Amino acid sequence: MRLPTTSRFLPLIALTSQVALAEEPAPSVETPAPVQQAETPASASDDAAQAEAAPAPAPAAEAAPASAPAPAPAAEAAPVAAPAPAAPAPASAPPAAPQASSPAPETQPAAGAAPETEPVARETEIKKPKALQFALTWDIVFPIQMALPAGAGTMSGVGYQGFSLDVRYWIRDDIAIGGLAAWHSVDHKTTVSFEDDRGVTQTGSAYVEASTNEVLGRIHYAMADRAAVRAYSPPEGQKADLGKQIIPMVALGIGTGRLVQSIDTGISRTTTERWTGVIAPEVGLEIPTRMLPLIVAGRIHYFFGSEEGPDQLYGTISLGGAFE
Amino acid sequence: MNRAASLLLIALLGGLGGCQGGGLTVAETNAILTSRDVGRDFSKYRSYALSDHVKALCLVPSEVKDGGGGASGDDGAAGAAGAPTAPDFNSSKCTRASSALEEDIFEAVAEGMEEAGYERVDSPKKADLALLVARVARDHWYFSSSYGICDEFIDTCVEPQLGSKYLIPTESLALVLVDRKKKNEVIWLAAIPKVFSSGVQRASVQRAIAQAFAQSPYLEVDR
Chain A
1 MRLPTTSRFL PLIALTSQVA LAEEPAPSVE TPAPVQQAET PASASDDAAQ AEAAPAPAPA
61 AEAAPASAPA PAPAAEAAPV AAPAPAAPAP ASAPPAAPQA SSPAPETQPA AGAAPETEPV
121 ARETEIKKPK ALQFALTWDI VFPIQMALPA GAGTMSGVGY QGFSLDVRYW IRDDIAIGGL
181 AAWHSVDHKT TVSFEDDRGV TQTGSAYVEA STNEVLGRIH YAMADRAAVR AYSPPEGQKA
241 DLGKQIIPMV ALGIGTGRLV QSIDTGISRT TTERWTGVIA PEVGLEIPTR MLPLIVAGRI
301 HYFFGSEEGP DQLYGTISLG GAFE
Chain B
325 MNRAASLLLI ALLGGLGGCQ GGGLTVAETN AILTSRDVGR DFSKYRSYAL SDHVKALCLV
385 PSEVKDGGGG ASGDDGAAGA AGAPTAPDFN SSKCTRASSA LEEDIFEAVA EGMEEAGYER
445 VDSPKKADLA LLVARVARDH WYFSSSYGIC DEFIDTCVEP QLGSKYLIPT ESLALVLVDR
505 KKKNEVIWLA AIPKVFSSGV QRASVQRAIA QAFAQSPYLE VDR
């Protein structure tokens, strides 16, 4: 077996292989074998037919490993080079149209006669996401089922006061663990009628408020290749594929939370406070930008009921960014 | 790090921007409060006597007692004459109100008691209950033990025992029902904001008083 056309692409393959997410180690062991096979015909000078059949490529194949001994990555590329003899007309192969969303397959067309400069330029723009990520978001609060104390009704409206600080550590490219601390508040004016535990009944206008503090442990799952999304750039002259520029995510948070609710009638302020368990599933998007990854997420917060109060349920929409 | 700091600042400004909060304005405060003596059996009461004037709640009774004076009068100025040495007394703390609606107030209160099934008698000494009508003429009136009411109609001071948790706004109407047979213990209290404020309509006052009775079904004699 010979590798005449592969040798000049070895540096490119080495470069692309650095961004490939995973390469199987087993094929690299096989690499020396084909290279040695390529050397064999050159040493068999008494066979004129063989020498004429492949006079020029053989030395080229030998030169490549010698001039670029560096790479172990070059050896990794061997599986890509291996099929070359099976496709003896690489010049007719379709031009490489590398898509950053699938970096591993890109190396195969690169082994053909595709232009070298374009893919190399794109690959160098890849900023590999770091493992540790901090996200800070502004949270908009939507009460879903938030009962007021003393049976005075339920919370409603929209709260614009809230934020979350989220820490994520990506243990795999698609899974992160971390924690979240958040504060949310929602309030509105309403009409209430309730009797408190001291035999006092109040009827009329009231300013009601609910605020929460949460501390959650969380696990995230990214439903796209984070590195590939960050590296994506549309082919020249084509519109960008929005689907390849975002990273959909799901997350689940479990922890504890403090819930404070109050009813202020102007005559008195009735306040309840309790700690309880919290579960908070989330769906969201990470949108890489030149500045920083933007975060958009929707989260449901479920506060477990207890003797001190009923279940509470509200949602938030988070807008913010992450820094790494 | 500048980028991170900017992000932090933006998020904090966004998240905390609305933290100044709301709350009711004085104009919006209209909650009607009623308080009962929990565990009291109201069914044993049949008759009541209604005070013949609106008591101005200005001086704190303990202040008057400490100063050696008696109960305050119908307003702060009258109280001043009876307790010239009372501590913390300042007539500027007390408000004066027109009495244009007093007649309507008494009428609505009497109607509420009648609908609840009570018989009205003239003398408090012959009644099971005495109903005092008062006006909060000073800020920070709590109806706690130190903010009780001294009234010549029943010739004593009573301590509503509502507690400092409840702050009754100035110009509120207070209705205090006391048990004449049991050392004038307060068994029911109603506070209705802004009844004595200027521009208040007669109909709204009557509605508010009716609401105070409506949210106190335990008062009804024939429950």
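Keeping their order, the protein sequence lines are chains A and B. Mapped onto this note's numbering, the consecutive letters of the first sequence carry residue numbers 1 to 324. Mapped onto this note's numbering, the consecutive letters of the second sequence carry residue numbers 325 to 547. By construction, the Cβ of each residue, glycine as well, lies at the ideal position given by its N, Cα and C atoms. A quick note: this is a predicted structure, and the numbers were derived from the prediction, not measured.
query: Within chain A, partners of residue 461 of chain B - CB distance below 8 Å; result: None at all; the shortest Cβ gap to chain A is about 17 Å.
query: Candidates B:508, B:454 and B:489, of which the one nearest residue 377 of chain B by Cα; result: B:454
query: Cut-off 8 Å between Cβ atoms - residues of its own chain near residue 175 of chain A, not counting five sequence neighbours on either side; result: 219, 220, 221 and 222
query: Residue burial classification, residue 403 of chain A (beta-carbon count within 10 angstroms, cutoff 16); result: Outside the modelled stretch of chain A, which goes from 1 to 324, sits residue 403 of chain A, for which no answer is possible.
query: Residue environment, residue 503 of chain B, which counts as buried when at least 16 other CB atoms sit within 10 Å; result: buried
query: As assigned by DSSP and simplified to three states, the class of residue 141 of chain A; result: strand
query: Selection from A:186, A:307 and A:293 that minimises the alpha carbon distance to residue 157 of chain A; result: A:186
query: For residue 355 of chain B, three-class secondary structure by DSSP; result: coil
query: Per DSSP, cross-strand counterpart(s) of residue 328 of chain A; result: It is not possible to answer for residue 328 of chain A, since the shown part of chain A is limited to 1 through 324.
query: Under the three-state DSSP convention, the category residue 504 of chain B falls into; result: coil
query: Beta-carbon proximity check, residue 143 of chain A vs residue 210 of chain A, cutoff 9 Å; result: yes
query: C-alpha gap between residue 278 of chain A and residue 348 of chain B, whole angstroms; result: 31 Å
query: Cross-chain neighbours of residue 493 of chain B in chain A, by beta carbon under 8 Å; result: 266 and 267
query: Simplified DSSP state of residue 370 of chain B, which is helix, strand or coil; result: coil
query: Top-ranked residue by Cα proximity to residue 212 of chain A, from A:173, A:256, A:232 and A:190; result: A:256
query: Cβ contact check for the stretch 470-484 of chain B and the stretch 426-441 of chain B: 3 or more pairs under 8 Å; result: no
query: Any chain A beta carbon closer than 9 Å to residue 486 of chain B; result: yes
query: Check whether residue 355 of chain B and residue 296 of chain A have beta carbons under 9 Å apart; result: no
query: Beta-carbon proximity check, residue 551 of chain B vs residue 517 of chain B, cutoff 9 Å; result: The requested residue 551 of chain B does not occur in the structure, where chain B is confined to residues 325 to 547.
query: Stretch-stretch touch, CB-based, cutoff 8 Å, three pairs: the stretch 199-206 of chain A with the stretch 169-183 of chain A; result: no
query: Residue burial classification, residue 145 of chain A (beta-carbon count within 10 angstroms, cutoff 16); result: exposed
query: Best match in B:529, B:446 and B:382 for proximity to residue 427 of chain B [C-alpha to C-alpha]; result: B:529
query: Classification of residue 459 of chain B by the beta-carbon crowding that lies within 10 angstroms, buried from 16 upward; result: buried
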